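In the numbering used here, the protein residues as written are 14 to 522.
Data first, discussion second: the structure below is written as structure tokens.
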Amino acid sequence: MPKSAGKQMSINIIASIVSFAVTVGINFFLTPYLVKEVGSDAYGFIGLANNFVQYATIVTTALNSISGRFISIAYHKGDVEKSSKIFSSVLVADLFLAAVMLILSSIFVCFLDTVLKIPSNLVSGVKITFAFAFLTFVVSTVTAIFTTAAFVKNRIDINSIRDIISNLIKVALIVLLFAIFPAQLYFVTLASFGSGIFLLLANITVKKKVLPEVKADIRKFDIKIVKTLLASGIWLSLAQLCQVLLSGLDLLICNLTLGTALMGLLSIAKTVPNSIGNLTVILGSVFTPHYTILYAKKKIPELIIEAKFSTKIVSFILSTPIAGFIAFGRQFYILWQPTKSPEEITMIQFMSVLTCITFLCSSQTQSLMMINTVCNKLRLPVFVNLTVGIVSVIVAIAACNLTDYGVYFVAGTSSVLMGLRALIFTPAYSAYILKQKLSIFFPTVIRDCVGFIIILVLFSIISNLITVTGWSSFIFICAICGILAYALSLPLLFNKAELCKLKNKLTKK
């Protein structure tokens with residue numbers, strides 16, 4: 014029996030949070046262990062390898078990020094044949110892109126030490142690390158189109174469960190490799206490649222079970238469909254380029270201007286904020302399938318109501334952990350990175366807070382950003398992001414060469430600018446493309462921000478009043494603060510009618 018939209022959305026949110034919790038748990042235990050085993054300098058190259066994969070995704074984003082939207086709209090309009098043609102066309106194009114990227118990445122890895130500053134004792138390990146990272150990317154490109162099945166059927170929970178299993182496989186492989194063999198830098202990306210193989214098989218299996226009506230047939234390949242998708246998807250590729258300019262170049266800039274030591278510290282500082290950022294994107298994406306269905310059925314008033322409500326839900330979930338991380342961050346890093354000096358802890362904490370600014374702001378509007386994709390209105394956001402990205406890179410490079418605080422500019426410039434973009438531009442543009450008053454979403458966003466500020470002030474006061482003596486006291490204090498903050502957030506973020514709606518949903522479920 015099909016689940017209601019509200020119930021399915023609740024399942025999607027819960028599954029996404031569980032997937033996030035597993036990922037964070039893995040990073041929590043894995044990061045200090047890797048820093049201890051391979052050193053913070055070498056650890057920075059793992060993050061840098063992942064960043065280079067992010068650069069490569071710019072090429073594939075044009076097709077894969079927009080294909081789900083087109084397949085979903087055609088499917089929910091009852092045109093299964095068109096959905097199959099789009100699916101098959103993208104699959105063939107992805108196979109071609111994967112072959113090209115495999116050749117190009119192989120050449121790049123061979124000459125890696127001429128592009129980056131790599132200590133002589135790490136050259137071979139770094140090259141192998143990058144090789145496995147790119148192999149994982151190629152595998153994911155081959156089956157990217159299969160992930161749209163869960164999107165079309167609004168079953169994001171399936172992808173979350175798949176991600177949980179793949180992360181558990183990854184950590185199991187890492188533990189096994191480090192237990193059997195001498196510690197090597199490339200063990201992490203090798204384990205990622207292993208989990209990538211699982212995802213390849215899982216994605217194909219999920220597609221067959223969830224969306225069997227849409228058939229993959231290379232004979233249905235249509236170059237016109239690919240051109241149409243590229244015409245729309247090129248803006249998402251440019252958006253991906255903007256993301257690279259905004260945050261994906263920070264480790265590279267550090268490597269080329271400030272050295273591997275600071276790159277390693279910045280990589281550590283970005284671990285927790287990046288996890289928060291990933292959860293922000295995941296939660297925002299949870300609502301996209303439902304938005305797409307409402308948009309396909311031209312139910313714009315219902316879409317606006319859902320957008321406002323989902324914004325409050327995302328803010329409710331994320332405001333407390335972000336405020337807690339900012340307020341208790343130093344105590345956390347002292348416990349989490351015991352091998353680092355007090356000066357290094359201070360640097361890591363400050364860079365983490367700077368990095369968190371963009372995720373703090375986007376947590377208030379991430380679900381609204383998804384409306385751009387649903388409505389296929391991507392040009393103006395891309396131009397805004399591109400401008401911000403170029404300015405950020407110029408400021409960061411100039412600061413690295415002209416001041417002693419370059420690493421802080423690298424961590425914070427793009428974060429602050431993108432935070433302002435999320436709070437000001439996103440709500441206004443979302444209203445504009447839905448043909449509503451530009452101010453329609455701002456009361457909700459302002460209410461969410463006020464709620465966060467109140468929680469942050471409360472946490473800061475508590476942080477200055479208590480003393481953390483170990484993990485037990487830290488976890489206990491955070492648990493009490495979390496319960497208090499979530500209880501306080503309910504009346505701060507939701508009005509009486511929305512609280513009744515939440516209560517009825519929870520009681521029913």
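Glycine included, C-beta positions come from ideal geometry on N, C-alpha and C.
Here the structure is a predicted model, which is why all the values come from computation and not from measurement.
Is it the case that the Cβ atoms of residue i and residue j are separated by a distance below 7 Å?
i       : j       : result
Gly-209 : Val-152 : yes
Phe-472 : Ala-336 : yes
Ile-370 : Gly-297 : no
Leu-367 : Gly-419 : no
Thr-293 : Gln-379 : yes
Ile-186 : Ala-204 : Ile is not the amino acid found at residue 186; the sequence shown has Leu there. Contact: yes.
Pro-45  : Trp-349 : yes
Lys-95  : Ala-87  : yes
Val-523 : Ala-146 : A question about residue 523 goes unanswered here, because the residues of the chain that appear run from 14 up to 522.
Thr-142 : Tyr-199 : yes
Ile-182 : Phe-211 : yes
Met-383 : Thr-270 : no
Val-113 : Lys-166 : no
Leu-129 : Asn-268 : yes
Ile-339 : Ile-347 : no
Leu-13  : Thr-156 : The structure shown does not extend to residue 13, since the chain spans only 14 to 522, so no value can be given for it.
Pro-440 : Leu-381 : yes
Closest to residue i by C-alpha separation, out of the options, would be which residue?
i       : options                            : result
Lys-353 : Glu-226, Gly-52, Cys-267, Phe-41   : Gly-52
Lys-228 : Ile-306, Val-93, Phe-145, Glu-511  : Val-93
Phe-465 : Tyr-346, Ser-332, Ser-485          : Ser-332
Ala-111 : Cys-388, Thr-70, Val-223, Ile-86   : Thr-70
Leu-436 : Phe-372, Leu-129, Val-481          : Phe-372
Val-48  : Ala-274, Leu-203, Lys-237          : Ala-274
Leu-430 : Ser-96, Thr-359, Val-406, Phe-150  : Val-406
Glu-12  : Ile-358, Cys-462, Glu-511          : With the chain running from 14 to 522 in the structure shown, residue 12 is simply not present.
Gly-342 : Ile-266, Thr-324, Ser-476          : Ser-476
Ile-467 : Ser-502, Pro-314, Phe-489, Gln-449 : Ser-502
Ala-309 : Phe-124, Leu-43, Ser-85            : Ser-85
Phe-191 : Ala-162, Leu-43, Val-139, Ile-177  : Leu-43
Gly-11  : Ile-474, His-303, Ile-171, Met-360 : The requested residue 11 is not part of the displayed model; the chain covers only 14 to 522.
Asn-414 : Leu-251, Gly-272, Asp-170, Glu-226 : Gly-272
Leu-242 : Leu-391, Ile-174, Ser-179          : Leu-391
Asp-176 : Thr-416, Ala-411, His-89, Ile-295  : Ile-295
Ser-365 : Tyr-421, Leu-316, Ile-313          : Tyr-421
Asp-230 : Pro-351, Pro-314, Val-103, Ser-118 : Val-103
Val-463 : Leu-381, Ile-193, Pro-504          : Pro-504
Asn-287 : Asp-263, His-303, Val-299          : Asp-263
Report, in whole angstroms, the separation of the C-beta atoms of residue i and residue j, which I expect to be a contact under 8 Å.
i       : j       : result
Cys-377 : Val-458 : Here residue 377 turns out to be Gln, not Cys, going by the sequence shown. Going by Cβ atoms, the distance from Gln-377 to Val-458 rounds to 5 Å, so yes, they are a contact pair.
Leu-497 : Tyr-442 : No, Leu-497 and Tyr-442 are not in contact; Cβ-Cβ is about 36 Å, not under 8 Å.
Phe-438 : Val-397 : 6 Å
Ser-328 : Leu-515 : Not quite, the Cβ-Cβ distance comes to about 14 Å (not below 8 Å), so this is no contact.
Ile-217 : Phe-159 : 6 Å
Ile-306 : Val-201 : Not really, about 38 Å apart at Cβ, beyond 8 Å.
Leu-265 : Asn-64  : 7 Å
Val-423 : Ala-409 : 5 Å
Ser-138 : Gln-197 : A small fix is needed here, since residue 138 is Gly in this sequence, not Ser. Indeed they touch by this definition, with Cβ atoms about 6 Å apart.
Ser-428 : Gly-402 : Contact doesn't hold; Cβ gap of about 12 Å is too wide.
Lys-233 : Ser-101 : 4 Å
Leu-399 : Leu-251 : 6 Å
Lys-325 : Asp-235 : The Cβ separation is near 42 Å, so there is no contact.
Phe-454 : Lys-321 : 7 Å
According to the neighbour-count rule (16 or more other Cβ atoms, all chains shown, within 10 Å of its Cβ), is residue i buried or exposed?
i       : result
Pro-15  : In this predicted model, Pro-15 has a pLDDT of only 47, less than 50, meaning its place in the structure is not dependable; the value taken from the coordinates is given anyway. When all chains shown are included, Pro-15 counts as exposed.
Lys-220 : buried
Cys-494 : buried
Ile-238 : buried
Glu-1   : Since the first residue shown for the chain is 14 and the last is 522, residue 1 is missing from the structure and cannot be characterised.
Phe-164 : buried
Trp-248 : buried
Lys-98  : buried
Ala-62  : buried
Arg-434 : buried
Leu-451 : exposed
Pro-195 : exposed
Leu-447 : buried
Cys-374 : buried
Asn-508 : exposed
Leu-478 : exposed
Ile-330 : buried
Cys-513 : exposed
Lys-311 : exposed
Ile-171 : buried
Is the beta carbon of residue i within less than 6 Å of some heavy atom of the ligand FAD?
i       : result
Ile-317 : In terms of ligand content, the structure shown is empty, and the ligand FAD therefore cannot be addressed.
If you scan the region 427-510 from start to end, which runs of the alpha helix (DSSP H) of 4 or more residues do you find wholly inside it? 439-446, 455-478, 484-506
Ordered list of alpha helix (DSSP H) runs contained in the region 181-251, each at least 4 residues: 200-223
Extract the residue ranges of the alpha helix (DSSP H) inside the region 302-390, only unbroken runs of 4 or more that lie entirely within it. 313-349, 355-387
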